[in-house]
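*Asks:* Numbering (this note's numbering), first residue to last: -18 to 171. By construction, the Cβ of each residue, glycine as well, lies at the ideal position given by its N, Cα and C atoms.
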């Protein structure tokens, strides 16, 4: 299944808010299977297209090991540092995406797959989302802070979206709230 999200122009969708448009596109990503996308081995990376898009590095056991974005996929992989590790049997799967959408979708996909080779990427929580989810579940701020071994003031700063957090912290927060990272993140890049 090859998804060409670059052809989706959120501004031409029916009259709904930008947030709703992005939610709709992001929902389509939930069914995305990187193993079904077009792919080439790292050894044949010169066959990558000269387009912007999101790429997945997939190992020989079909595990997603890295997710990235590129304005020019072929150029991005010409001399990538992973090539120095002798992993030419791994492959790159990709889908085309407009330059304007790269940051949003890369963040969402990193949250979904948590690939081990991605650095701890700083994320900002959408203001009010943690509090909203806490209230829906009847969890007091003090109890959540204790469960996470955080101070209530630290949790309060994160709840307001005033501090970037690494993926590990985001996952810890989602586990405590029984939600997905996409439920908490801002939709616009910093």
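1. Using only the alpha-carbon positions, how far apart do residue 121 and residue 155 sit?
2. Would residue 88 be called buried (16 or more neighbouring beta carbons within 10 Å of its own) or exposed?
3. Okay, do the segment 67 to 87 and the segment 20 to 38 touch, 3+ Cβ pairs below 8 Å being the bar?
4. Using DSSP with H/G/I as helix, E/B as strand and the rest coil, what is residue 214?
5. Residue 131 to residue 74, Cα distance in whole Å?
6. Quick one: grab the DSSP three-state call for residue 59.
7. Give the DSSP-derived three-state secondary structure of residue 115 in the structure shown.
8. Whose CA, out of 159, 37, 48, lies closest to the CA of residue 115?
9. Between which two residues does the beta strand (DSSP E) carrying residue 31 extend?
10. Between residue 110 and the rest of its own chain, which residues show a CB-CB distance below 7 Å, the 5 nearest in sequence each way excluded?
11. Would residue 48 and residue 90 be called neighbours here (beta carbons separated by less than 7 Å)?
12. Just curious, the alpha helix (DSSP H) that residue 205 is in, first and last residue?
13. Using the three-state DSSP reduction, which class does residue 27 fall into: helix, strand or coil?
*Replies:* To lay it out plainly:
1. Here residue 121 is taken as the residue at index 140 of the chain shown, counted from 1. Here residue 155 is taken as the residue at index 174 of the chain shown, counted from 1. Taking the straight line joining both Cα atoms gives about 15 Å.
2. The sequence position of residue 88 within the chain shown is 107, counting from 1. It is buried - the Cβ of residue 88 has at least 16 other Cβ atoms within 10 Å.
3. The segment 67 to 87 vs the segment 20 to 38: in contact.
4. With the chain covering only -18 through 171, there is no way to say anything about residue 214.
5. Looking up residue 131 in the chain shown gives position 150. Looking up residue 74 in the chain shown gives position 93. Rounded to the nearest angstrom, the gap between the Cα atoms of residue 131 and residue 74 is 39 Å.
6. The residue given as residue 59 occupies position 78 in the chain shown. Correct three-state label for residue 59: coil.
7. Translated into positions along the chain shown, residue 115 becomes position 134. DSSP places residue 115 in the helix class (H, G or I) of the three-state scheme.
8. For the purposes of this step, residue 115 is identified with residue 134 of the chain shown, where counting begins at 1. When the alpha-carbon of residue 115 is set against those of 159, 37, 48, the nearest one is in 159.
9. Counted from its first residue, the chain shown places residue 31 at position 50. It is not in any beta strand (DSSP E) - residue 31 carries neither H nor E in the DSSP assignment.
10. Here residue 110 refers to the residue found at position 129 when the chain shown is read from its first residue. Beyond the five residues adjoining it in sequence on each side, residue 110 comes within less than 7 Å, by CB distance, of 164, 165 in the same chain, given in chain order.
11. The sequence position of residue 48 within the chain shown is 67, counting from 1. The sequence position of residue 90 within the chain shown is 109, counting from 1. Taking 7 Å as the Cβ cut-off, residue 48 and residue 90 qualify as a contacting pair.
12. One cannot answer for residue 205 here, as it falls past the ends of the chain, which runs -18 to 171.
13. For the purposes of this step, residue 27 is taken as the residue at position 46 of the chain shown. It is helical.
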